[in-house]
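Numbered per mature numbering (1 follows the signal peptide of the UniProt record, and there is no 0), the sequence shown spans residues -24 to -1, 1 to 199.
What follows is a short report on a single structure.
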Amino acid sequence: MKSKKLVALALLAVISVGAGKAYAEISKNTISKNKLMTEKVSIQVSDNKDKEDKLKEIVLKALEKYFNEKIDVNGSEEIVQLIKADVEWNSHGKDYYTIGWENGEKGWYCNIAEDGEIFELGMDTGTDWKKVDLIDLEEAKKIAFDFVKEKKLIDNINELEFLGEATIGPDTCGVVYKYGEDKGILISVDSGTKKVRGFTYKSESDARKCVENTDYRDSGTLG
């Protein structure tokens, strides 16, 4: 079974910041404790159970709505952490909670504000990056576009404009779009299942940085 430490790191590093090198190290299971504890003072285990329970309910419903995943919380390890606004890699400008579960085969995660706004939602499908070929970009783009449209992730699908690819390993293709006024969204498509495994809302500028900093398809190098 994956350790809770590893899952916690995946939740904090990968989805929050889209950090290519962090994800690459997670994929290779080489993350160090020091990196996990970065900004320790501003990462807190929440002690507000009522608020936690309400947010967990929102996350569980969202996982079922967007990915048809029903989580057995009693049979899974759980993580709930409060990420303060002053953490360097917190690009959302406000406090939010990282909430997740893992059962040894899959993991599920969400970054969600106290008011219920979801910034990131997704899952670790268990796809082995060593045993899969990166999905074709055009196929990934179609899967991503259809998902955004079907799940109504943005108000006006006609505003969606492809910015590029943010891919840091063969197991997942990151398809990046802009829309509206300084808004962006990253859709993660699993190379093994050929399905969307997560989405992340970003500013347009942060979305463009993702494209600039993650070039596995061209370089062949993780991260």
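Every residue gets a Cβ at the ideal spot worked out from N, C-alpha and C, and that includes glycine.
Assign residue i to one of three DSSP states: helix, strand, or coil.
{"i": "I119", "result": "helix"}
{"i": "V152", "result": "strand"}
{"i": "residue 203", "result": "Residue 203 lies beyond the range of the chain shown here (-24 to 199); nothing can be said about it."}
{"i": "F108", "result": "Position check: residue 108 holds Val in this sequence, whereas Phe was assumed. Of the three classes helix, strand and coil, the one that applies to V108 here is coil, per DSSP."}
{"i": "G51", "result": "helix"}
{"i": "V63", "result": "coil"}
{"i": "K159", "result": "strand"}
{"i": "K125", "result": "helix"}
Looking only at its chain, what residues have a beta carbon closer than 8 Å to the beta carbon of residue i, apart from the 5 residues adjacent to it on each side?
{"i": "A38", "result": "C86, I94, L97"}
For the alpha helix (DSSP H) that contains residue i, what are its first and last residues?
{"i": "L136", "result": "Careful: L136 lies outside any alpha helix (DSSP H) and carries neither H nor E."}
{"i": "V35", "result": "25 to 43"}
{"i": "A183", "result": "180 to 189"}
What's the gap between the Cα of residue i and the Cα of residue j?
{"i": "D194", "j": "S167", "result": "16 Å"}
{"i": "R184", "j": "E33", "result": "32 Å"}
{"i": "R173", "j": "T101", "result": "7 Å"}
Spatial neighbours of residue i within its chain, please: C-beta separation below 7 Å, excluding the five flanking residues on both sides.
{"i": "I111", "result": "C149, V165, S167, K170"}
{"i": "A61", "result": "G69, K70, D71"}
{"i": "K82", "result": "M99, D100, T101, G102"}
{"i": "V35", "result": "I75, C86, I88"}
DSSP beta-bridge partners for residue i?
{"i": "T74", "result": "Q57, N87"}
{"i": "S164", "result": "G150, G174"}
{"i": "I94", "result": "I88"}
{"i": "E141", "result": "V151"}
{"i": "D100", "result": "G83"}
Excluding five sequence neighbours on each side, which residues of the same chain lie with their C-beta closer than 6 Å to the C-beta of residue i?
{"i": "K46", "result": "E40"}
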